[in-house]
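Numbering (the numbering used here), first residue to last: 27 to 140.
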């Protein structure tokens, strides 16, 4: 490898000096580019090179907390609007089951749970 008087290498890759991240639809792509040396010791940047793909993972704990808070809110609204009239326990159980199924499908659609 040849070098100039100052010890700067000629026509070789110096280092991975810069990078960028492009995020779209919960998917991040990381790019890098290298700095190259010309024969006259001036530098130029190479093209952006794809390095890795990073997919965002939703927090399952946050989803469970949201689901339970919505469930509690639904029960409170259910009790105050309908009241403890006849068959209140059966109504509550049916409402909880319905809400649980509905909430799970909505949250799984939002967070794309498998």
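In this text, a Cβ means the ideal position worked out from N, Cα and C, and glycines have one as well. All values reported here derive from a predicted model rather than from experimental measurement.
Would residue 59 and residue 72 qualify as a contact pair, given that the criterion is a beta-carbon distance under 8 Å? As a first step, residue 59 is located in the chain shown; it is residue number 33 there, counting from the start. As a first step, residue 72 is located in the chain shown; it is residue number 46 there, counting from the start. Yes, these two residues count as a Cβ contact at 8 Å.
Are residue 126 and residue 88 closer than 8 Å when you measure CB to CB? Position 100 of the chain shown, counting from 1, holds the residue named residue 126. Position 62 of the chain shown, counting from 1, holds the residue named residue 88. Here residue 126 is not near residue 88, since their CB atoms are 8 Å or more apart.
Going straight from the alpha carbon of residue 46 to that of residue 93, what length do you get? For this step, residue 46 is matched to residue 20 along the chain shown. For this step, residue 93 is matched to residue 67 along the chain shown. About 36 Å.
Can you name the residues that DSSP bridges to residue 70? Numbered from its first residue, the chain shown carries residue 70 at position 44. As a beta-bridge residue in DSSP terms, residue 70 pairs with 62.
Nearest-angstrom Cα distance between residue 121 and residue 128? Here residue 121 refers to the residue found at position 95 when the chain shown is read from its first residue. Here residue 128 refers to the residue found at position 102 when the chain shown is read from its first residue. Each residue's Cα considered, the two are about 10 Å apart.
Once you ignore the five residues that flank residue 115 on each side, which residues in its own chain have a CB closer than 7 Å to its CB? As a position in the chain shown, residue 115 is number 89, starting the count at 1. A distance below 7 Å between beta-carbons, with the five flanking residues on each side excluded, links residue 115 to no residue of its chain.
When the Cα atoms are used, what is the spatial distance from residue 107 to residue 90? Working through the chain shown from its first residue, we reach residue 107 at position 81. Working through the chain shown from its first residue, we reach residue 90 at position 64. Taking C-alpha positions only, residue 107 is separated from residue 90 by approximately 26 Å.
Near residue 53, what residues of its chain come up, given a Cβ to Cβ distance below 6 Å and the 5 sequence neighbours on each side ignored? Residue numbering aside, residue 53 sits at position 27 when the chain shown is read from its first letter. These residues qualify, in order along the chain: 81.
In DSSP terms, what residue 100 is bridged to: By 1-based counting over the chain shown, the position of residue 100 is 74. As computed with DSSP, residue 100 is found in no beta bridge at all.
Between residue 61 and residue 49, which are expected to be in contact by the criterion C-beta below 8 Å, what is the C-beta distance as a whole number of angstroms? In the chain shown, the residue the question calls residue 61 occupies position 35. In the chain shown, the residue the question calls residue 49 occupies position 23. In fact, because the Cβ distance is near 25 Å, the residues do not count as touching under 8 Å.
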